[in-house]
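Below is one structure, written out as structure tokens, with a few remarks after it.
There are 4 protein chains.
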Amino acid sequence: MYNFKNDYSEGAHPRILDKLIATNLVQQLGYGEDEYAQEAKAVLKEKLSNQAATIHFVSGGTQTNLLVISFLLRVHEAVISAKTGHIAANETGAIEATGHKVITTETIDGKLRPEDVAEVLAVYALAPHVVKPRIVYISNSTEIGTIYSKDEIKTLYKFCQSHQLLLYMDGARLGHALTAENNDLTLATISQYTDVFYIGGTKNGALLGEAIIFNKPELATDFDYAIKQKGAMLAKGRILSIQFLELFKDDLYFDLARKANTLAMRIATAVREKGYTFLTQSTTNQLFPILPKKIIERLSADYQFYIWKNIDADYAAIRLITSWATDEEKVTAFIKDLQEV
Amino acid sequence: MYNFKNDYSEGAHPRILDKLIATNLVQQLGYGEDEYAQEAKAVLKEKLSNQAATIHFVSGGTQTNLLVISFLLRVHEAVISAKTGHIAANETGAIEATGHKVITTETIDGKLRPEDVAEVLAVYALAPHVVKPRIVYISNSTEIGTIYSKDEIKTLYKFCQSHQLLLYMDGARLGHALTAENNDLTLATISQYTDVFYIGGTKNGALLGEAIIFNKPELATDFDYAIKQKGAMLAKGRILSIQFLELFKDDLYFDLARKANTLAMRIATAVREKGYTFLTQSTTNQLFPILPKKIIERLSADYQFYIWKNIDADYAAIRLITSWATDEEKVTAFIKDLQEV
Amino acid sequence: MYNFKNDYSEGAHPRILDKLIATNLVQQLGYGEDEYAQEAKAVLKEKLSNQAATIHFVSGGTQTNLLVISFLLRVHEAVISAKTGHIAANETGAIEATGHKVITTETIDGKLRPEDVAEVLAVYALAPHVVKPRIVYISNSTEIGTIYSKDEIKTLYKFCQSHQLLLYMDGARLGHALTAENNDLTLATISQYTDVFYIGGTKNGALLGEAIIFNKPELATDFDYAIKQKGAMLAKGRILSIQFLELFKDDLYFDLARKANTLAMRIATAVREKGYTFLTQSTTNQLFPILPKKIIERLSADYQFYIWKNIDADYAAIRLITSWATDEEKVTAFIKDLQEV
Amino acid sequence: MYNFKNDYSEGAHPRILDKLIATNLVQQLGYGEDEYAQEAKAVLKEKLSNQAATIHFVSGGTQTNLLVISFLLRVHEAVISAKTGHIAANETGAIEATGHKVITTETIDGKLRPEDVAEVLAVYALAPHVVKPRIVYISNSTEIGTIYSKDEIKTLYKFCQSHQLLLYMDGARLGHALTAENNDLTLATISQYTDVFYIGGTKNGALLGEAIIFNKPELATDFDYAIKQKGAMLAKGRILSIQFLELFKDDLYFDLARKANTLAMRIATAVREKGYTFLTQSTTNQLFPILPKKIIERLSADYQFYIWKNIDADYAAIRLITSWATDEEKVTAFIKDLQEV
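Residue numbers (the working numbering), protein chains in the order written: chain A, 55 to 395; chain B, 55 to 395; chain C, 55 to 395; chain D, 55 to 395.
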């Protein structure tokens, strides 16, 4: 059985493990005060073209989302998300557990546009009997594999600014977004057109770890208190910073993501050539092909993946995910199996 | 400069890194559903002599404390802790941030006894104008290096049971407690005489990781929801389980702690021989010697440690910590320097 | 200008004020321990045909909802509500502020049916990555004026029981529901077929006050702690209990609600006779007629009401509310004005 | 049995009831938008000599405290209180339930001085491992009957300002403080030397109600959302504003408090003349005389009061409270009984 279920089925990229070994017995201060953290932040700020950015490393995506959102909101404020957004659909009420409503809105492709946000603002106008929207949460790539263009982000950001809203981007799969064939964003443009975002390590080669970027340092004042309070401050913070240093000191992070995308696109092409369609128009490492249930059943004998959504009596959408660690031969085999069944 | 500031200045024990490398590309399910987790839990249950125990792995101590305590308490309930307890003194209001008061009480040696708890119950009797005490939180070893005897734990547990209180032990340094020269507890007796406890990995050889043990499985029902909600469920849960498997498949965990204790006791003997006293009667890897400030100043040139407490114009207590990774030669050098100054 | 905006534009029914005056200088214990509370609870239990019920009085509906829901839920649990439900639409994230998600579902008439709940359960099946539904929240009458039949409540309750769900009814306008022409429920049947509900006083003749009824006393253990903690325990609890005693010692509560309904139905008949329709099929004291905007504009000169929803270029729905205090002559005048414009 | 247990044993001052009756059927907007609220705020601003103040009315003291404190604090911030402070000792963890630690400190007389606060700041210096103190909470009169002088408040306020701390005064018994024989504060000086405070109605003649005063309006922005969210926004807000209007349109509020103090001082004099001492040096309506247990037992036959604290085998301190409603003849009788036993 080969696993196409997710992009965290393996450990870390070998270069990361090597670096952990090489630095293992070097004494460092704890709680994020290690020298590697300084280095990793310097490397990242360079790539962001934003020397003013404030950066923190934590261990996972849900943790990041609840930390950032609960830190930036006051008691009566709320966050707006696509209904498919990870904070709305997959995090066990993590945001609500910090006291804040997640206002959801239906979207076609998992992306929020100014008109979606404007509609929410109209519904949430009856102050003080409703919460006050304050953060717009987006994911890039989205939970269904689509990505934002530079123009879309810029337009959304300007809308947010003119409505006293903060724009926060969940980058659990940011590497995959930035290396997609139709991408025109960079870390620098994202740093320019969002208030806060994070760069996901866990799903792109790290053992664990996400880098939270406050593009405007004034938003980050005292954030270390929150990290400690929510149990997210690792005593051995070096584990996180060493990994980000290794991923970003050259282009490893992007190379890994590009590989995942390339393999996904190979599968996508094969799906299309067989005449099948997709639930979403993904250009990244998550694919949602709609296949005959009989074929799904056959493929299930050799491959693990999620049955994502029932379409009708004969068809269902599945989710296939590739990663930096995906075995190319298994992709080839999967395509062959798909073509032959 | 050599660092005696804490027991998390280095990475992981080499056997752990080796195991991470060896298993790195084996595909596993995420979110704690990996095979290593099953193995590690089986090994631990054996050592606990408690097949019914429910075990979860998370990444840090503050995270563990806030998870367990907020999961077990209802809205109006509170936790009792020594004033020196980690949840009261060092966790940035993590418990309060989940909605619960930490009731603190002064102790002589960082340990809670039935009479301390009884006193709290007497003060918190005016229901419903006060919170309802429900959990007794203790640490072993304590934050000041002392340990509980089997008799003390048993007596406290019986008191808790007869007062509808849950007993929860913070085991951030449990290895050091269980290998102290004056210890008579085992994992099995702790499993018998507490409701919940955790075994700390971070401060005893792991990169990160704590094992939460619910001795009574009914207390653990649905706990995985809480882990996810608080951002503590690692996508690559294998990182935690592999480490605990390696630490407990033989006696590595205890060997590492014993080494730390032994080195600390060597320093303690030297301190005593020089005629100095201690702030607390530690038999574990944290020492609080009271030294002349002039000597502290000289030692500070070559060693890092915390100045813990001012005693008077001439004396202060410092905190020295040893670990599995402490260099024996540095301990020898430190003792020599102490004797010579 | 006459106010049809809501059912809390005036003070209290004169009998309530008289009783407050008559008892004013009688010394009583505070915090709900007054003798009137005992009497009022005895009277209510009689009407509920449920001597085991546990009853508490608090001051408002949002307060009641957040108290009951946060008290009954554990950290990872959630409440299901119609999208029009008060807790979802009108309470400024009060439930989320206590840490819990409100799962909303679209309904036709503001009422939840077993199939609605079943659908939510299906969506929230991917434990532990989603919250665990635990309470089903319904309102009777609903926020759009409709009511539940005995059969509907009974069926829903049985569904809840077979799915480990608690059924909680918001009775802010329960009097209006129970005196509607198409009603077949009583306080006793509601006590039988819900786990918890409340009887609203504020919108039916009281200065302020809601009676929370735990039909199963075991659910109410320690609830007084929660009342105090959320700031809902009035020092002079007598203010609440005296009012409920007066409202329920005979049929005053129902008489007041019936009057409100009767006046609303007079308006409804007039609306229908003029050939207009309604947004919702209300049989209680809230009406949502769809009227030509020109007529709305004319009526607005003499009457206050909410423009509820735009229908098209020419039509909008307005909300008209009657109460125990509505002046019958103003209703007559309004009908005449409606007929003549 | 006559009740000296508290100052909320009766209903409201007759003038308040009269006003509620007189205004009962005048239609008003709900949720604090009534005309009486405008009038009452205007009257209060005049007395505060602070036209910029923002004022809100809510129903009780615990509610006020949790509203103000949770609204002003960010997630990692905390409030400092005397150990005897109401938020620390008598509110069932209400502040912690909103996510914030209450840092307590021992005091001699229930009052906080700059040196007390400075000591807390020193202990809470190890950021980010501890919470960040942000609000200083004081009560006037205190929970043990003492009051602050103008000089004390001014000094404390200046200390707070120079340390980025907000000063918040709990005025549950502010009337009694401002009419004490040794008082030199006014509403205007309090408005000048605190950031936020509240004027308690419940314990001084109102049925219920407290007036929250933000002396600096920028602190109050959006506070109405919080009032609604915490269930503290009464639909019939008029009940609160009418009472404050009546209490403050002339000097009724102060007259009532003065009466309570005068009666308490009569008792105090009698206690002193009998040679007994007090637990605290109260000049307001709460007295804590230390009496022989035999005398306490005899007095208990005819009077209700709390046994506050055991002193030794023969003596205990009791708490006696007088109010606007206390019967002067009962005070005379009590003094006579005390003199004769």
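Cβ coordinates follow ideal geometry from the N, Cα and C atoms, glycine included.
Are the Cβ atoms of I267 of chain B and A91 of chain B separated by less than 8 Å?
Residue 267 of chain B sits at position 213 when you count from the first residue of the second sequence. Residue 91 of chain B sits at position 37 when you count from the first residue of the second sequence. Not a contact, by the Cβ cut-off of 8 Å.
Going along the segment 122-138 of chain A in order, which residues come within less than 7 Å of chain C, judged by CB to CB distance?
V129, H130 and A132
Of the residues that make up the segment 285-296 of chain C, which ones have a beta carbon closer than 8 Å to any beta carbon in chain A?
none
According to DSSP, simplified to helix, strand and coil, what is L102 of chain C?
Residue 102 of chain C sits at position 48 when you count from the first residue of the third sequence. The answer is helix: DSSP assigns L102 of chain C an H, G or I state.
Where are the beta strand (DSSP E) runs, 3 residues long or more, that stay fully inside the segment 211-255 of chain A, in chain order?
220-224 and 250-254
When the cut-off is 8 Å and only beta carbons count, does E351 of chain A lie next to chain C?
Within the first sequence, numbered from 1, the residue matching residue 351 of chain A stands at position 297. E351 of chain A does not count as touching chain C.
Does the contact criterion of 3 or more C-beta pairs under 8 Å hold for the segment 210-217 of chain B versus the segment 230-245 of chain B?
no
3-residue-minimum beta strand (DSSP E) runs that sit fully inside the segment 73-133 of chain B, ordered along the chain
108-112
I need the straight-line Cα distance from I157 of chain A to A311 of chain D, nearest angstrom please.
Locating residue 157 of chain A in the first sequence gives position 103, counting from the first residue. Locating residue 311 of chain D in the fourth sequence gives position 257, counting from the first residue. Spanning the two alpha carbons is a distance of roughly 48 Å.
Please state whether DSSP places S135 of chain C in a helix, a strand or coil.
Sequence index remark: in the third sequence, residue 135 of chain C carries index 81 (1-based). Here S135 of chain C sits in strand by DSSP.
Using DSSP with H/G/I as helix, E/B as strand and the rest coil, what is R188 of chain A?
Within the first sequence, numbered from 1, the residue matching residue 188 of chain A stands at position 134. In this structure, R188 of chain A counts as strand in the three-state DSSP scheme.
Rounded C-beta distance between H130 of chain D and A151 of chain A? I'm assuming under 8 Å.
As a working mapping, residue 130 of chain D is identified with position 76 in the fourth sequence. As a working mapping, residue 151 of chain A is identified with position 97 in the first sequence. In fact, because the Cβ distance is near 17 Å, the residues do not count as touching under 8 Å.
What does the alpha-carbon distance come out to for the pair E383 of chain B and K95 of chain A?
Sequence index remark: in the second sequence, residue 383 of chain B carries index 329 (1-based). Sequence index remark: in the first sequence, residue 95 of chain A carries index 41 (1-based). Distance between the alpha carbons of E383 of chain B and K95 of chain A is about 34 Å.
What are the boundary residues of the alpha helix (DSSP H) that includes Y360 of chain C?
For this step, residue 360 of chain C is matched to residue 306 along the third sequence. No alpha helix (DSSP H) holds Y360 of chain C; the beta strand (DSSP E) holding it covers Y360 to N364.
Determine, using beta-carbon pairs with one atom in the segment 341-350 of chain D and one in the segment 361-380 of chain D, whether at least three such pairs fall under 8 Å.
yes
CA-CA distance, M319 of chain D and E160 of chain D?
Along the fourth sequence, read from residue 1 onward, the residue named residue 319 of chain D stands at position 265. Along the fourth sequence, read from residue 1 onward, the residue named residue 160 of chain D stands at position 106. Cα-Cα distance, rounded: 27 Å.
DSSP state of V395 of chain B mapped onto helix, strand, coil:
To locate residue 395 of chain B, count along the second sequence from 1; it is residue 341. Three-state result, V395 of chain B: coil.
Can you round the beta-carbon distance between T233 of chain C and F308 of chain C to whole angstroms, since I take them to be within the 8 Å contact cut?
Locating residue 233 of chain C in the third sequence gives position 179, counting from the first residue. Locating residue 308 of chain C in the third sequence gives position 254, counting from the first residue. Confirmed, about 5 Å.
Are the CB atoms of L301 of chain D and L294 of chain D within a distance shorter than 8 Å?
Along the fourth sequence, one-based indexing puts residue 294 of chain D at 240. Along the fourth sequence, one-based indexing puts residue 301 of chain D at 247. Going by C-beta atoms, L294 of chain D is not nearer than 8 Å to L301 of chain D.
Minimum Cβ-Cβ distance from S63 of chain A to chain B less than 8 Å
Here residue 63 of chain A refers to the residue found at position 9 of the first sequence. True, the Cβ-Cβ gap to chain B drops below 8 Å.
Reduced DSSP secondary structure (H/G/I, E/B, other) of P346 of chain B:
Here residue 346 of chain B corresponds to residue number 292 of the second sequence, with the count starting at 1. It is a strand residue.
The beta strand (DSSP E) enclosing E264 of chain A, as first and last residue numbers:
Within the first sequence, numbered from 1, the residue matching residue 264 of chain A stands at position 210. Segment E264 to F268, the beta strand (DSSP E) holding E264 of chain A.
What does the alpha-carbon distance come out to for the pair Y222 of chain A and Q283 of chain B?
Taking the first sequence and counting its residues from 1, the one referred to as residue 222 of chain A is at position 168. Taking the second sequence and counting its residues from 1, the one referred to as residue 283 of chain B is at position 229. Going from the Cα of Y222 of chain A to the Cα of Q283 of chain B covers about 20 Å.
For chain D, check one thing: does any of its Cβ atoms lie closer than 8 Å to the Cβ of A151 of chain B?
Counting from one through the second sequence, the residue named residue 151 of chain B turns up at place 97. Closer than 8 Å: yes.
Contact criterion: CB-CB distance below 8 Å. Does L273 of chain B meet it with respect to chain A?
For the purposes of this step, residue 273 of chain B is taken as the residue at position 219 of the second sequence. No, no contact with chain A.
Going by other Cβ atoms of all chains shown within 10 Å of its Cβ, with 16 needed for buried, is N77 of chain C buried or exposed?
Within the third sequence, the letter at position 23 stands for residue 77 of chain C. The residue asked about is misnamed: residue 77 of chain C is Thr in this sequence, not Asn. Buried is the call here.
Between H427 of chain B and the rest of its own chain, which residues show a CB-CB distance below 8 Å, the 5 nearest in sequence each way excluded?
There is no way to answer for residue 427 of chain B, as the model of chain B reaches only from 55 to 395.
Reduced DSSP category for Q335 of chain B - H, G, I as helix; E, B as strand; rest coil:
By 1-based counting over the second sequence, the position of residue 335 of chain B is 281. Here Q335 of chain B sits in coil by DSSP.
If I follow the unbroken alpha helix (DSSP H) through Y279 of chain C, where does it start and stop?
For the purposes of this step, residue 279 of chain C is taken as residue 225 along the third sequence, with counting starting at 1. From DSSP, the alpha helix (DSSP H) with Y279 of chain C extends over F277 to Q283.
Measure from the C-beta of A91 of chain C to each C-beta in chain E and report whether the shortest distance is under 8 Å.
Structure shown: chain E not included; protein chains present are A, B, C and D.
Which of the three DSSP states is assigned to T386 of chain C in this structure?
Walking along the third sequence from the start, residue 386 of chain C turns up at place 332. Note: T386 of chain C maps to helix in three-state DSSP.
Could you tell me whether the Cβ atoms of Y191 of chain A and S135 of chain A are closer together than 8 Å?
For the purposes of this step, residue 191 of chain A is identified with residue 137 of the first sequence, where counting begins at 1. For the purposes of this step, residue 135 of chain A is identified with residue 81 of the first sequence, where counting begins at 1. Cβ atoms of Y191 of chain A and S135 of chain A: closer than 8 Å.
Continuous alpha helix (DSSP H) stretch holding T20 of chain B: start and end:
This structure leaves residue 20 of chain B out entirely; chain B is present only between 55 and 395.
Where does L353 of chain C sit, in a helix, a strand or coil, going by DSSP?
On the third sequence, residue 353 of chain C is found 299 positions in, with the first residue counted as 1. Three-state DSSP puts L353 of chain C in a helix.
For a cutoff of 8 Å on Cβ pairs, would you count N119 of chain B as touching chain D?
Position 65 of the second sequence, counting from 1, holds the residue named residue 119 of chain B. Not one chain D Cβ lies under 8 Å of N119 of chain B.
Work out the CA separation of Y85 of chain A and E93 of chain A for me, nearest whole Å.
Looking up residue 93 of chain A in the first sequence gives position 39. Looking up residue 85 of chain A in the first sequence gives position 31. Each residue's alpha carbon lies about 15 Å from the other.
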